[in-house]
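Just so you know, the protein sequences line up as chains A and B, in that order.
Per this note's numbering, the first sequence runs over residues 1 to 621.
Per this note's numbering, the second sequence runs over residues 1 to 254.
Even for Gly, the Cβ is constructed at its ideal location relative to N, Cα and C.
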Amino acid sequence: MDFVLIQFLTGLSSASALFLIASGLTVIFGVTRIVNFAHGSFYMLGAYLAWTIVRAFWDWGGREPYLFVAGVIVAAIVVSLIGVAMEMTLLRRIYRAPELFQLLATFGVVLIIQDATLAIWGPEDLPLPRPPWLRGFIEIAGSRFPRYDLILAVIGPVVLGLLWLLFHRTRFGVLVRAATQDREMVAALGVDQRKLFSGVFFLGSALAGLGGALVLPSQSANLQMDLSIIAEAFVVVVVGGMGSVPGAFLASLLIAEVQAFGIVLLPKITLVLVFLVMAAVLMVRPYGLLGKPQAHARAQSGMVEPVLRPAPPILAWAGIAALALAASTPFWAGAYALTVLVELAVFVLFAASLHLMMGPGGVVSFGHAAYFGLGAYGAALGLRYLALPMEAGLVMAPLFAGLFGVVFGVFVVRLSGVYLAMLTLAFAQIVWAAAFQWVDITGGDNGILGVWPSAWATNKSVYLWLSLALCIGATMLLRRFVFSPFGYGLRAARDSELRAEAIGLDTARLRLVAFTIAAAAAGLAGGVYAYAKGSVFPTYISIPKSVDALLMVLLGGVQTVTGPIVGAIAYHGLFVGILQTTQYWRAALGLSIVLLVLAFPLGIAGFARARWERAKGLEAA
Amino acid sequence: MSAPVLDVRSIEKRFGGVHAVADVSFSVAAGEMLALIGPNGAGKSTCFNLVNGQLRADGGEVRLAGRSLAGIAPRAIWRLGVGRTFQITATFASMTVRENVQMALISHHRTLWSFLSRAADKFRAEADALLAQVGMAEQAERPCGVLAYGDLKRLELAVALANDPKLLLMDEPTAGMAPKERTALMELTRGIVRARGLACLFTEHDMDVVFGQADRILVMNRGRLIAEGTAETVRNDPAVREVYLGAGTTSGGH
Ligand SMILES: Nc1ncnc2c1ncn2[C@@H]1O[C@H](COP(=O)(O)OP(=O)(O)OP(=O)(O)O)[C@@H](O)[C@H]1O
Ligand SMILES: [Mg+2]
Chain A
1 MDFVLIQFLT GLSSASALFL IASGLTVIFG VTRIVNFAHG SFYMLGAYLA
51 WTIVRAFWDW GGREPYLFVA GVIVAAIVVS LIGVAMEMTL LRRIYRAPEL
101 FQLLATFGVV LIIQDATLAI WGPEDLPLPR PPWLRGFIEI AGSRFPRYDL
151 ILAVIGPVVL GLLWLLFHRT RFGVLVRAAT QDREMVAALG VDQRKLFSGV
201 FFLGSALAGL GGALVLPSQS ANLQMDLSII AEAFVVVVVG GMGSVPGAFL
251 ASLLIAEVQA FGIVLLPKIT LVLVFLVMAA VLMVRPYGLL GKPQAHARAQ
301 SGMVEPVLRP APPILAWAGI AALALAASTP FWAGAYALTV LVELAVFVLF
351 AASLHLMMGP GGVVSFGHAA YFGLGAYGAA LGLRYLALPM EAGLVMAPLF
401 AGLFGVVFGV FVVRLSGVYL AMLTLAFAQI VWAAAFQWVD ITGGDNGILG
451 VWPSAWATNK SVYLWLSLAL CIGATMLLRR FVFSPFGYGL RAARDSELRA
501 EAIGLDTARL RLVAFTIAAA AAGLAGGVYA YAKGSVFPTY ISIPKSVDAL
551 LMVLLGGVQT VTGPIVGAIA YHGLFVGILQ TTQYWRAALG LSIVLLVLAF
601 PLGIAGFARA RWERAKGLEA A
Chain B
1 MSAPVLDVRS IEKRFGGVHA VADVSFSVAA GEMLALIGPN GAGKSTCFNL
51 VNGQLRADGG EVRLAGRSLA GIAPRAIWRL GVGRTFQITA TFASMTVREN
101 VQMALISHHR TLWSFLSRAA DKFRAEADAL LAQVGMAEQA ERPCGVLAYG
151 DLKRLELAVA LANDPKLLLM DEPTAGMAPK ERTALMELTR GIVRARGLAC
201 LFTEHDMDVV FGQADRILVM NRGRLIAEGT AETVRNDPAV REVYLGAGTT
251 SGGH
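This is the structure in structure tokens:
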């Protein structure tokens, strides 16, 4: 029983921190409909700022508790000002843009803040020196329980109470609640939307900063805090119901307790457990525990999908020329060029597979790296446990990924919008966690090594030709699908579900088949990549890898079929050519993302096509 | 008259406290144009949605050529031969006009699950013939997203005809059109209905169109049928005059 009590209390204290982050995220989403990836970065900044400010206060006035409290509050306020600055300079310009662009823009901010933090505070973890009053223990049921954790456990409910007062007793709070229920209504009442949104970002970022500052005494500030907390915060917000603060409270309790007991009872799958809980909740309650279906299913975001036309012949010739050039590199370029070209071929297929779902399918996956990684692991596990040669491994890769595609897809295609994006993210995190934590099978962080091609393909030139044949061949096949009756049906389901069903199309099945094909194609890309590198690692499945794929598609332009190909080449070129050579490549990439979202919402190919159509006098939709 | 194509018996639908459709019965015969009229919110669109499976009835029965449609999904009902146009047009904006019709034909001929052939080459002639029937042949290549509202309505008619239906459901097919266009479109529809022996149920707020084109008229108000008959009978029905004149309108809500 004592064990249960102690774990329960541990759960309560981490629930508090989780609730602080998640409540800020959910309030921001409720009012502005922005899914703020940078929220985790604000949490991280809170911890770093508190580390600097609290120590400065202590140097000045001794290590008094009240100075700790003051330092934490100042840190939270600084963070909230940073949040408002982001809202005013960046987000304000993209409130009407598609959800995906908003997600990506805030992810760009994540990268920028990561490098800024690295530049200011350096790469080491920064623990807060703890005076005796912070180190104390309390005797509970015969065990010693950290006193600070007990204080944390109380802070959660206290903040919930304060938020309740704010939302029910102040004009600002009432507006926030009204806007969460019906944004158009508030706008119609003549409320200054700009002020309201900035205010909401102030509040939400302050909560994130507060959370970061408060966990500092028990965790120390580090550079991984942002992405690790944001994934959990998303889970809490989605499980609680997006926009619902009480829902976030319930969900943070649920998740934190699942973690607290999971660590003891099922130590091998703690990471998976959280996402399993989320997937389970979403299956039963697609809008989360206390969420409601969004009143206005986001009206047309101002972007009508244009008519798809086959590429002009000149583009086909350019493609053939580029392919011939790539295939001839062994005769005139060095080994490094061959390596880069293999990667390029892989990423072209990876991007094209995501595009099938995103473009014609209208299903934006935030976890496409899962299928890339599943393909790679499919090949590697086949080698390790079944001694499969490369030829069989490359068949295994798409099958393995496609199989998971069907299973996950069944659940994914039932949702839409943000919930769908979050569910795909959750599934990707499950796969990642399995690869990372299931050390006996997958080798965990060390990955699986020795995944080399068969003898006939070990030669770099031969492997390049093989990669080109498989990846470009599969990409061409995907292109063909887009113009086939199946591809048209998929677009029909995206354009008007009502009409599609009314002419006999099974829209859910169309999406599921597309999801599976996309997963299998990404799996093939992963398999080719695995044999090129000779190894597989959990990083193949990480969130940044999924974002890579999204960026390639967007950079090229989601509305054209050529887009993902151009995008993959441009992105990889950018990456290899410029970004990797500079020290602060993350910040450079983050800035490029932000600029891309602000300046080129159509992508490179989309931009070119708009030009071409105008020049030809073709009507665009 | 032979057995009706559509036979609706005492259907019911409630939305919370609103009794949207209350004990409504009617039938439509092959080659017949049946108009369903009534003020805004009378329950006309709800009736359509009950017939084509978009909504599930709380009671009553819908039969198509003698076969009960209870519990069948819209896409299956479409396969049984029910074509439909929507009050708010629903078309595929990222396709050309012809491709919209081709899409319906592809579904009708069950060639959807083909991955390698080119959709744009499928059933082209058939699609063009349908477009010609509704006067949209010259616009076949245009993106559907740029069409005028009246043209979208015409396109929807072509799409609804693509599966060679027995029953045509048209919810306000002429809304948003000029008066002359309205009569032209409904005359065209009537021609097709007669020639192919379809049954056609339509709603319409323009009384000139209704009285000019319908063989028979049903009048609904607040979920109930209040009158039924020829243009003459309905025009002189006191209950109908009460609803329309009492509400201060002579030719519907538009
Ligand atoms: N999905 C729904 N949920 C709740 N109430 C509904 C729904 N659909 C219709 N109603 C209500 O049912 C009643 C009938 O609506 P319906 O759309 O069938 O009317 P209508 O005769 O087609 O009107 P109009 O001429 O404006 O198209 C109205 O009171 C409407 O508000
Ligand atoms: Mg209606």
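Between residue i and the rest of its own chain, which residues show a CB-CB distance below 7 Å, the 5 nearest in sequence each way excluded?
i                : result
Gln7 (chain A)   : Ala260, Phe261, Val264
Asn221 (chain B) : Gly38, Pro39, Ala42, Val243
Thr507 (chain A) : Ala493, Glu497, Ala500, Glu501
Ala269 (chain A) : Checking the sequence, you will find Ile at residue 269 (chain A) rather than Ala. Within the same chain, Ile269 (chain A) has close Cβ partners Gln437.
Val21 (chain B)  : Ile11, Glu12, Lys13, Gly43, Thr46, Cys47, Leu50, Gly223
Arg609 (chain A) : Thr560
Val236 (chain A) : Leu18, Ala22, Ala248, Ala251, Ser252, Ile255
Using 9 Å as the limit for Cβ to Cβ distance, is residue i near chain A?
i                : result
Val159 (chain B) : yes
Gly145 (chain B) : yes
Thr189 (chain B) : no
Gln102 (chain B) : yes
Glu99 (chain B)  : yes
Ala148 (chain B) : no
Met136 (chain B) : no
Lys13 (chain B)  : no
Phe115 (chain B) : yes
Thr91 (chain B)  : yes
Thr96 (chain B)  : yes
His108 (chain B) : yes
In terms of alpha-carbon separation, which member of the options lies closest to residue i?
i                : options                                : result
Thr96 (chain B)  : A:Ala248, A:Phe372, A:Pro306           : A:Pro306
Val69 (chain A)  : A:Trp51, A:Leu81, A:Gly161, A:Met86    : A:Trp51
Phe57 (chain A)  : A:Ile138, A:Val74, A:Gly46, A:Leu45    : A:Val74
Gly450 (chain A) : A:Leu399, A:Phe537, A:Phe411           : A:Phe537
Ala469 (chain A) : A:Val348, A:Pro246, A:Ser546, A:Lys533 : A:Val348
Val528 (chain A) : A:Ile53, A:Thr170, A:Gly122, A:Gly473  : A:Gly473
Ala642 (chain A) : A:Leu160, A:Trp121, A:Ser80, A:Val235  : This structure does not reach residue 642 (chain A), given that chain A is present from 1 up to 621, and the question cannot be answered.
Met33 (chain B)  : B:Thr111, B:Leu6, B:Ala20              : B:Leu6
Ser27 (chain B)  : B:Val193, B:Leu201, B:Ser68            : B:Leu201
Arg190 (chain B) : B:Pro4, B:Gln102, B:Gly229, B:Leu167   : B:Leu167
For residue i and chain B, any beta-carbon pair shorter than 9 Å?
i                : result
Leu253 (chain A) : no
Gly489 (chain A) : yes
Val307 (chain A) : yes
Ser353 (chain A) : no
Pro123 (chain A) : no
Pro544 (chain A) : no
Ala502 (chain A) : yes
Asp506 (chain A) : yes
Pro313 (chain A) : no
Ser484 (chain A) : yes
Leu524 (chain A) : no
Ser496 (chain A) : yes
At a cut-off of 8 Å, would you count residue i as near ligand 3, judging by its Cβ distance to the nearest heavy atom?
i                : result
Thr203 (chain B) : Of the ligands this structure carries, namely ligand 1 and ligand 2, none is ligand 3.
Excluding five sequence neighbours on each side, which residues of the same chain lie with their C-beta closer than 6 Å to the C-beta of residue i?
i                : result
Asp206 (chain B) : Arg182
Val406 (chain A) : Thr516
Met186 (chain B) : Val209, Gln213
Asp23 (chain B)  : Ser10
Ser13 (chain A)  : Asp149, Leu152, Ala153
Arg241 (chain B) : none
Skipping 5 residues on each side, what residues in its chain have a beta carbon closer than 8 Å to that of residue i?
i                : result
Ile34 (chain A)  : Ile28, Leu91, Tyr95, Gln102, Thr106
Gly534 (chain A) : Leu449, Gly450, Val451, Trp452
Does residue i have its Cβ less than 9 Å from a Cβ in chain C?
i                : result
Phe202 (chain B) : Considering every chain present, this structure includes no chain C. Its protein chains are A and B.
Quiz item: If we count Cβ pairs, one from each stretch, closer than 8 Å, do we get three or more for the segment 125-135 of chain A versus the segment 216-223 of chain A?
Solution: yes
Exercise. Pair every Cβ in the segment 382-395 of chain A with every Cβ in the segment 508-515 of chain A, then say whether three or more of these pairs are closer than 8 Å.
Key: no
Quiz item: Residues near ligand 1, CB to any non-hydrogen atom under 6 Å, in chain order?
Solution: B:Phe15, B:Val18, B:Ala20, B:Gly38, B:Asn40, B:Gly41, B:Ala42, B:Gly43, B:Lys44, B:Ser45, B:Thr46, B:Gln87
Quiz item: Touching or not, the segment 555-569 of chain A and the segment 391-408 of chain A, by the rule of three or more beta carbon pairs under 8 Å?
Solution: no
Quiz item: Counting Cβ pairs closer than 8 Å, one from the segment 278-287 of chain A and one from the segment 401-415 of chain A, do we hit at least three?
Solution: yes
Quiz item: Using 8 Å as the threshold, is the segment 562-576 of chain A in touch with the segment 435-445 of chain A, meaning 3 or more CB pairs across them?
Solution: no
Practice problem: Check whether the segment 44-54 of chain B touches the segment 66-73 of chain B, taking contact to mean three or more Cβ pairs, one atom from each stretch, closer than 8 Å. | Solution: yes
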